[in-house]
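Residue numbers (the working numbering), protein chains in the order written: chain A, 1 to 253; chain B, 1001 to 1253.
Ideal Cβ positions, reconstructed from N, Cα and C, are used throughout, including at glycine.
Number of protein chains: 2
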Amino acid sequence: MDKILVQDFLYVYVASMNEMTPLPLWQRVGEDIIARIVSGDLKPGVMLPSETDLGAEMGVSQGTARRALAELERRGIVERRQGRGTVVATTTPDSDHFHFFRLRDAKGSEVTPVLEVETVEKRRSTAAEREAFGEDVRQVYAIDRLRSINGKRIVRESSVIPVTLFAALETRAPLPNALYAFYQQAYGIAIQRADERLRAVSADAADAAAMDVETGDPMIEVTRRAIDLSERVVEIRCSRYVTDDLAYAVTLR
Amino acid sequence: MDKILVQDFLYVYVASMNEMTPLPLWQRVGEDIIARIVSGDLKPGVMLPSETDLGAEMGVSQGTARRALAELERRGIVERRQGRGTVVATTTPDSDHFHFFRLRDAKGSEVTPVLEVETVEKRRSTAAEREAFGEDVRQVYAIDRLRSINGKRIVRESSVIPVTLFAALETRAPLPNALYAFYQQAYGIAIQRADERLRAVSADAADAAAMDVETGDPMIEVTRRAIDLSERVVEIRCSRYVTDDLAYAVTLR
DNA sequence: CAGTGGTCTAGACCACTCC
DNA sequence: GAGTGGTCTAGACCACTGC
């Protein structure tokens, strides 16, 4: 009886804002867990209740709680291990760096980029940045980085993030190698996915001055928008790669 | 009792070739369906048995058959619709072309490439092609295509496929715009995924002669290996794009 | 050993599609 | 109305983990 009441309540609740289409219970449970993570109530590495307990808390069966957790695992939001339990996904600095870093060597193996130069600047946002972040974002941090791989300077990255989301970033210097793990640990902002656009460009004078490349050489320019669990654009990144020895690798399905 | 026998049988069967680790029943059911598709027993667009019937055929419960079908749907191998049924995924010529075609315009919308020139050649395989296809592949078809987008010739593709898999391809001319749908319909070869490597290159004399680009202009070169449901490399494709007006778009998760 | 997730079953009810 | 997939439940048993 209790469960039926919950279900009816959810129906009314969701219908009021979503054209009479109630969300399935398992999705509600999943959204609820995501909300807890976003709010900081559940932090990365923290163990979640068991399927049985979670179901009891939410007033659903163990099977429904299980389906919610399975979906969160598929999305990489939690990690589950038989006999151990379910924890909020922890993207370690090492593994995280490679999660969205697509450069691979000729054999397809991961490469280890070394941070060479970093500058952090606080400035007013550009119109394009406001278009992406929202019009209310007037100030941003710009993090410019230069990386070398196998001793050659071939990666230039420029990350832009809103000041409102990353308060007092300048006091955090030096920033760690892997920014996304840092965003999560220091600010509770978890990157869910990244949309990238790749174009071919010619190395300009600034590229030639900073990297092991000559003006006019072909390079790949990647423009990325990183989206967090709340579906906000939280970072815009523009990277320029010299792909003489490396390639951008991706699998399409 | 019957079901227990089936389960024990599967255990022994799989254990003999897989280090005592039996595959879950739902995976066995899924693999069985894939095998039927690969063998041509089930063709694209054909309706599968209902969950209940499939479970009965395989000696598993409806829930287990359901899980197998859900996984196949997630992998894009079948399409399911409430009230209608489950059919083997049909990649229509139109939709298929965009499945692995990542070029998007400035707004991120799909673009419609127009086939301008096509040549098909039968020749001996190169060492690199044998490395990808297997050493026994001595002959290949090379399909060279030139495409225009919005009236500008900016895409050059070269697809290489083994003669053994695509018998008498030369009699099929002219080939349709979307090769992967054609592979599936004419040869029963379904592309499951594609691994791509992107590099920046400078347009060479051949690019300048064939496309609306000048020698030395930066271009993106994409080297693709297409893998079918049997996990074979069935096509190697090298594409060169001019990205003045378009970008290669991808979402990382 | 207790507790966890992983698999599998059986059955209920609902929503959608098509005849 | 018959048949389909979608959701949800309840309960069984197994495999793995850690104390």
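Among residues of its own chain, excluding the 5 on either side of residue i, which ones have a beta-carbon nearer than 8 angstroms to its beta-carbon?
| i | result |
| --- | --- |
| A/Ile-227 | Ile-191, Gln-192, Arg-193, Ala-194, Asp-195, Val-233, Val-234 |
| B/Tyr-1011 | Note that B/Tyr-1011 scores a pLDDT of 37, beneath 50, so its modelled location is shaky and nothing firm can be said. |
| B/Glu-1254 | Coverage of chain B is limited to positions 1001 through 1253, which leaves residue 1254 of chain B absent and any answer about it impossible. |
| B/Leu-1042 | Ile-1033, Arg-1036, Leu-1048, Val-1088 |
Ignore the nearest five residues each way along the sequence and tell me which others in residue i's own chain have a CB closer than 7 angstroms to its CB.
| i | result |
| --- | --- |
| A/Pro-49 | Glu-57 |
| B/Ala-1089 | Pro-1044, Gly-1076, Ile-1077, Val-1078, Glu-1079 |
| A/Ile-161 | Val-140, Tyr-141, Val-234, Glu-235 |
| A/Glu-51 | Gln-62, Ala-65, Arg-66, Leu-69 |
| A/Phe-182 | Leu-175, Pro-176 |
| B/Arg-1102 | Tyr-1248, Ala-1249, Val-1250 |
| A/Ala-208 | Glu-214, Thr-215 |
| B/Ser-1109 | none |
Measure how close the beta-carbons of residue i and residue j come, nearest whole angstrom, since I'm counting them as under 8 angstroms.
| i | j | result |
| --- | --- | --- |
| B/Thr-1171 | B/Val-1137 | About 20 angstroms; that fails the 8 angstroms criterion. |
| A/Arg-81 | A/Arg-156 | Not really, about 39 angstroms apart at Cβ, beyond 8 angstroms. |
| A/Ala-206 | A/Arg-104 | The Cβ separation is near 26 angstroms, so there is no contact. |
| B/Leu-1072 | B/Val-1120 | So it is not a contact: roughly 33 angstroms between Cβ atoms. |
| B/Ala-1127 | B/Arg-1225 | Not quite, the Cβ-Cβ distance comes to about 16 angstroms (not below 8 angstroms), so this is no contact. |
List, in chain order, every chain B residue whose beta-carbon is nearer than 9 angstroms to that of residue i.
| i | result |
| --- | --- |
| A/Arg-124 | Those do not exist, as A/Arg-124 stays about 25 angstroms from chain B at its closest Cβ, beyond 9 angstroms. |
| A/Arg-193 | Thr-1251, Leu-1252, Arg-1253 |
Could you work out which residues of chain A lie near residue i, taking near to mean beta carbons separated by less than 7 angstroms?
| i | result |
| --- | --- |
| B/Ser-1202 | Pro-218 |
| B/Val-1250 | Glu-196, Val-250 |
From this set, the options, which residue's C-alpha is nearest residue i's C-alpha?
| i | options | result |
| --- | --- | --- |
| A/Glu-31 | A/Ala-68, A/Ile-220, A/Gly-108 | A/Ala-68 |
| A/Gly-134 | A/Ile-236, A/Glu-214, A/Ala-208 | A/Ile-236 |
| A/Leu-198 | B/Val-1242, B/Ala-1181, B/Ala-1210, B/Tyr-1187 | B/Val-1242 |
| A/Trp-26 | A/Gly-59, A/Val-46, A/Met-47, A/Asp-41 | A/Gly-59 |
| A/Ala-65 | A/Ala-127, A/Val-29, A/Met-47, A/Val-213 | A/Val-29 |
| A/Leu-146 | A/Asp-212, A/Ala-128, A/Phe-182 | A/Asp-212 |
| B/Ala-1167 | B/Ala-1186, B/Glu-1231, B/Leu-1042, B/Gly-1151 | B/Ala-1186 |
| B/Glu-1214 | B/Thr-1223, B/Leu-1169, B/Ile-1154 | B/Ile-1154 |
| B/Tyr-1180 | B/Gly-1040, B/Arg-1123, B/Met-1047, B/Phe-1098 | B/Phe-1098 |
| A/Ala-210 | A/Lys-152, A/Glu-231, A/Gln-184, A/Gly-55 | A/Lys-152 |
| A/Asn-150 | A/Gln-184, A/Gly-188, A/Ala-106 | A/Ala-106 |
At a CB-CB cut-off below 8 angstroms, which residues of chain B make contact with residue i?
| i | result |
| --- | --- |
| A/Gly-76 | Arg-1253 |
With a CB to CB cut of under 6 angstroms and the five nearest residues on each side skipped, what residues in its chain are close to residue i?
| i | result |
| --- | --- |
| A/Val-201 | Met-219, Glu-221 |
| A/Ser-148 | Val-114, Glu-116 |
| A/Ser-158 | Asp-144, Cys-238 |
| A/Leu-258 | As displayed, chain A neither begins before 1 nor continues past 253, which places residue 258 of chain A out of reach and without an answer. |
| B/Thr-1223 | Arg-1197, Cys-1238 |
| B/Glu-1118 | Arg-1145 |
| A/Gly-55 | Ser-61, Gln-62, Ala-65 |
In chain B, which residues lie with their C-beta within 7 angstroms of the C-beta of residue i?
| i | result |
| --- | --- |
| A/Phe-100 | Leu-1252 |
| A/Thr-243 | Arg-1199, Ala-1200 |
| A/Ala-247 | Arg-1197, Leu-1198, Arg-1199 |
Pairing CB atoms from the region 1241-1253 of chain B with CB atoms from the region 1168-1188 of chain B, are three or more of them under 8 angstroms?
no
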